[in-house]
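Protein chains in written order, with our numbering: chain P, 1 to 196; chain B, 1 to 89. Read through the structure below, which is laid out as structure tokens, and then see the notes.
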Amino acid sequence: MSFITRGFSGRSRERDERLPPGQTLVHDFPVLSAGPTPDIDTADWEFTIRTESGSQSWNWDEFMALEIDEVSTDIHCVTHWSKLGTSWRGVSIDTLFEHVETGYDYVMAHSYGGYTTNVPLDELRGGKAWVAFEFDGEPLEPEHGGPARLLVPHLYFWKSAKWVRGLEMMPTDEPGFWEQNGYHLHGDPWKEERYW
Amino acid sequence: MEHVDGNALAGPLAEFFSFDVTMAVAKCEGCGSIAELARAMVYASDAGTVVRCGSCGQVLMTLVESEDRAWIRFTGMGAIEVARTSAAG
Ligand SMILES: [Zn+2]
């Protein structure tokens, strides 16, 4: 078999080249959480980027007025499932950083509920990451991180912090929540960077 | 005072790590409440297990398991109190 058509869902003896090593295709959307699902009204929602020199914040209406991207991408969870061709809408991190200047190279994403995860800035910029608020044409459900979550599809999905409320710039790479507790500092699914 | 290496922990920690973890008592470093771990809130998923204080919700400990390794971290608790299993000592 020399090609696989979009939407192909039958079984094939040939491994789908879009699946990183150790991953299995799923069609549902498993929920993984480290705590209770926060209930955040968009009227109370705020997104803040903190740098060495100050901070920039957007409320929900201001955020919705930014340039919005349609994103179609594969996602890969460290618990061995992948979903192919998922569709999202969100604001690119590039768009947010048009309003922010920083000399720091590392980012800690912070979420409502206290979750954190670390990502180098150059892995969030260049069309690689978004703050997403729609999945599959619907507002992002709270259990999947709504009203908004980080979307960093080229890294394992624990980096795509649910209920994201801001980014904190850091001079060095510091581990976030799962990264302090056994997971890999970086998390590239193609290199199977799952654990320490 | 002279020190010895970590092999000396085998004796004292063998007793410690044989306790029934749900009966252990820990103090939450967030709100200060002292409670049996059995009263904590456990959020278990394939990603890992997160144990939160039953009073304030702060993370007390985490457990991550891969196929061949496991990681445990006592994030938000102070000293852990366990019942002695032997009268000796
Ligand atoms: Zn507490």
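Beta carbons: idealized from backbone N, C-alpha and C, even for Gly. Note that this is a predicted model, so its numbers are computed, not measured.
Check: Any residues in the segment 17-49 of chain B with a beta carbon nearer than 7 Å to a beta carbon of chain P? Which ones, in chain order?; Outcome: 43, 45, 46, 47, 48
Check: Sorted by chain position, which residues of the same chain lie with C-beta nearer than 8 Å to residue 107/P's C-beta, five sequence neighbours on each side aside?; Outcome: 118, 119, 120, 121, 124, 167, 168, 169, 170
Check: Going by DSSP, name the residue or residues bridged to residue 151/P.; Outcome: 130/P
Check: Closest to residue 152/P by C-alpha separation, out of 185/P, 92/P, 60/P, 105/P, would be which residue?; Outcome: 92/P
Check: Let me confirm a value: residue 22/B is counted as buried when at least 16 other C-beta atoms fall within 10 Å, else exposed. Which label applies?; Outcome: exposed
Check: Report the CB separation of residue 46/B from residue 32/P in whole angstroms; it is logged as a contact under 8 Å.; Outcome: 6 Å
Check: As a quick exercise: from 86/P, 41/P, 52/P, pick the residue whose alpha carbon is nearest that of residue 18/P.; Outcome: 86/P
Check: Could I get the ranges of all uninterrupted alpha helix (DSSP H) runs contained in the segment 73-128 of chain P, with 4 residues as the minimum, in chain order?; Outcome: 93-97
Check: If the criterion is Cβ atoms closer than 8 Å, does the pair residue 78/P and residue 158/P meet it?; Outcome: yes
Check: Determine the contact status of residue 64/B and residue 24/B, defining contact as a CB-CB distance below 8 Å.; Outcome: no
Check: At a Cβ threshold of 8 Å, is residue 89/B touching chain P?; Outcome: Confidence in residue 89/B is poor, its pLDDT being 49 and thus under 50, which makes the residue's placement too unreliable to answer from.
Check: Which one of 45/P, 73/P, 155/P, 52/P has the shortest CA to CA distance from residue 62/P?; Outcome: 45/P
Check: Listing by chain order, which chain P residues have their CB less than 8 Å from the CB of residue 64/B?; Outcome: 178, 181, 182, 183, 195
Check: Is the shortest distance between the beta-carbon of residue 55/P and the beta-carbons of chain B less than 8 Å?; Outcome: no
Check: Listing by chain order, which chain P residues have their CB less than 7 Å from the CB of residue 52/B?; Outcome: 35
Check: Is there a Cβ of chain B sitting closer than 8 Å to that of residue 158/P, yes or no?; Outcome: yes
Check: Anyone know if the C-beta pair for residue 163/P and residue 182/P falls short of 8 Å?; Outcome: no
Check: Output, in sequence order along the chain, the residues in the segment 75-107 of chain P whose CB is closer than 9 Å to any CB in chain B.; Outcome: 77, 78, 79, 80, 81
Check: Given residue 95/P, which residues of its chain have a CB within under 6 Å of its CB, disregarding the five upstream and five downstream residues?; Outcome: 66, 67
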